[in-house]
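Residue numbers (the working numbering), protein chains in the order written: chain C, 1 to 143; chain P, 1001 to 1485.
Just so you know, even glycine gets a beta-carbon here, dropped at the ideal spot from N, CA and C.
Below: the structure, in structure tokens.
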């Protein structure tokens, strides 16, 4: 999924833009962008552990905020780096509902060429909008 | 001058007036030489001006000479708030609550260390987990972790990870009183309870350094702080509250966004989300933040315990025979209640001081300093890049102007993306080896991001703090060994 860094947005941290035709695509691209800060070549991950993710939020941008935090939560609480397996987002009564499955393994410097640890997803210039018929997310990660 | 709307107050002080942006309640004051100011990212001025709009801010929105753009507050930002009328903001502290520096002396000289440098760095690299997903050797239950977060370094003392003198030589004696784990989410505990004794990554590091005689600027103070030998070896490290603090900040950022309308608060950047300090939400965050502050003190203490073990093993002697006495531990991401005199007022009053990437620098005689340093002033530890060097300074009386706050590091001059484009981690490692610095890093990419050229000149930044009257140089410390995440 398309994503690229935005070097002009921050000096100390990491900023990226993610895009997609649908909400699912842009969420997936943003997850990949966040994962790649910590593991630049995520293709090396083996699907040894699977995790289910269920989230709901009335605001689509804050749903993305919650979603990216899940990646950081698994990384810190269990040492896991996870790629997305499946993802669906539905508009329920008054809120967006997300269901996803992620799979991966424990970070292991002997097997993985690790990048920089992500501390947090910030809300500084955080945005999710529809532009030119595509969804676009702007995210700054605290590293 | 990059700051077109500002005016010069003196050679190291610049002011952005309240007219710069609608809603500013106080002016912005930037401490920097003209050369440093010219190289500041213009976003710093915007961010400092946004801080100046927050309810209850007192005096000025400050930016230190190492200021660079962050999220919410600029990094190198500080602001005082009236505890009755003002707010508390996680964005004024940072996600890495109590990210801080610790400096430890040894009785070894460079000549004694040199033959064992690689062995020592390799052993430290093995003993102190660093990088993505690192977990520490301290295995405790979540309930014990909660108790630890309320007790800070006193917990370490009970567990045998600390000496009484370590507590005395730490800001707040290694424990902010009033921490309450009931204000902390289960999720925050889950993220942090296995990470005690880990370094993290990014700009976090552990460094072996040498105080060369020509780099000691104030011999009397250097000796009082424990630097007494020519080419004496010291250990400096930089890390914070890991996933625990990051989650505490994230939890309350979200809570504050939800309650701001109730309190009639609007902010110019969602990262400045805040709540009245005296509100239930504000008080809960303050209690939870203190838990993260305490966890971070414990994290650095457990790392010191490991350092002592490794030195003992490598040199075959009791670590205390090797003079491994802590000089000081300073925090640079906090909000604390302190008593200060506000310019134009007659009596000191209580203020809530936010410091984000900014160091407290108490002057000689201040009563909150431990007895051992009360007459000397507070040691201030400012970390530079891994290639250039770091400083030990001391707080001074003229620091009252910034409520006794000074810089925390050299400050980035180049973004991480650009640094990775220009430098290659393993090549940098080889070059540093040629220059006498032995580095072990988990991540080659992470190493490239931290190249010396990605940072401002630490000498310029530190000189600016001295010229501005914020802190006084004691010694410059040059790196010889480094471990990074």
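query, result
"Determine the direct distance from the alpha carbon of residue 1061/P to that of residue 1442/P, and round the result to whole angstroms.", "38 Å"
"From what residue to what residue does the alpha helix (DSSP H) around residue 1026/P run?", "Here residue 1026/P belongs to no alpha helix (DSSP H), and DSSP marks it neither H nor E."
"Which residues does DSSP pair with residue 104/C in a beta bridge?", "49/C and 82/C"
"By Cβ distance, which residues of its chain are closer than 7 Å to residue 1383/P, with the 5 residues on each side in sequence left out?", "1101, 1236, 1238, 1390 and 1409"
"Can you check whether the CB of residue 1056/P is closer than 7 Å to the CB of residue 1082/P?", "yes"
"Determine the chain C residues that contact residue 1031/P at a beta-carbon separation under 9 Å, and present them in chain order.", "Per Cβ cutoff of 9 Å: no residues; residue 1031/P is ~19 Å from chain C at best."
"Can you give me the C-alpha to C-alpha distance between residue 1279/P and residue 1183/P, rounded to a whole angstrom?", "14 Å"
"Beta carbon of residue 997/P, beta carbon of residue 1265/P: below 7 Å?", "Outside the shown range of chain P (1001 to 1485) lies residue 997/P, about which nothing can therefore be said."
"Using 10 angstroms around the beta-carbon of residue 1042/P, count the other beta-carbons present and answer buried if the total reaches 16, otherwise exposed.", "exposed"
"Does the beta-carbon of residue 1386/P have 16 or more other beta-carbons within 10 angstroms, so that it is buried, or is it exposed?", "buried"
"Check whether the Cβ atoms of residue 1231/P and residue 1110/P sit closer than 7 Å, and answer yes or no.", "yes"
"Hey, quick one: how far does the alpha helix (DSSP H) through residue 144/C stretch, first residue to last?", "Beyond the ends of chain C as shown, which are 1 and 143, falls residue 144/C; an answer cannot be given."
"On the DSSP bridge assignment, give the partners of residue 1061/P in chain order.", "1028/P and 1079/P"
"According to DSSP, which residues form a beta bridge with residue 1455/P?", "1412/P"
"Would you call residue 1093/P buried or exposed, if buried means 16 or more other Cβ atoms sit within 10 Å of its Cβ?", "buried"
"Mind checking residue 1479/P: buried by the 16 CB within 10 Å criterion, or exposed?", "buried"
"Does residue 1068/P have its Cβ less than 7 Å from a Cβ in chain C?", "yes"
"Alpha carbon to alpha carbon, how far is residue 1252/P from residue 1098/P? Give it in angstroms, no decimals.", "16 Å"
"On the DSSP letters alone, give me the boundaries of the alpha helix (DSSP H) that residue 1167/P sits inside.", "1164-1168"
"Check each candidate in 1089/P, 1400/P, 1174/P and 1115/P and name the one with the smallest Cα separation from residue 1255/P.", "1089/P"
"For the structure I just gave you, are there three or more beta carbon pairs, one from the segment 111-121 of chain C and one from the segment 88-99 of chain C, closer than 8 Å?", "no"
"Does the beta carbon of residue 1425/P come closer than 7 Å to any beta carbon on chain C?", "no"
"Going by alpha carbons, who is nearest to residue 1031/P out of 1242/P, 1332/P, 1464/P and 1272/P?", "1464/P"
"Give the straight-line distance between the Cα atoms of residue 1435/P and residue 1429/P, rounded to the nearest whole angstrom.", "10 Å"
"Comparing C-alpha positions only, which one of 26/C, 18/C and 11/C sits nearest to residue 4/C?", "18/C"
"Please go through the same chain and pick out, in chain order, the residues whose beta-carbon is closer than 8 Å to the beta-carbon of residue 38/C, but skip the five residues on each side of it.", "75, 81, 107, 114, 115, 116, 117 and 118"
"Report yes or no: is there a C-beta of chain P within less than 7 Å of the C-beta of residue 143/C?", "yes"
"Comparing C-alpha positions only, which one of 1477/P, 1395/P and 1432/P sits nearest to residue 1470/P?", "1395/P"
"By the three-class DSSP mapping on this structure, what secondary structure does residue 1284/P have?", "helix"
"Classify residue 1054/P as buried or exposed, calling it buried when 16 or more other Cβ atoms lie within 10 Å of its own Cβ.", "buried"
"For a cutoff of 7 Å on Cβ pairs, would you count residue 1059/P as touching chain C?", "no"
"Once DSSP output is grouped into helix, strand and coil, what is the label at residue 15/C?", "strand"
"Does the distance from the CB of residue 1327/P to the CB of residue 1066/P come in under 7 Å?", "no"
"Below 8 Å on the Cβ atoms is my contact criterion, and I expect residue 1146/P with residue 1198/P to pass it. Report the Cβ-Cβ distance as a whole number of Å.", "19 Å between Cβ atoms; not a contact."
"Identify every residue that forms a DSSP beta bridge with residue 95/C.", "92/C"
"So does the segment 1450-1460 of chain P actually touch the segment 1409-1423 of chain P, counting three or more Cβ pairs closer than 8 Å?", "yes"
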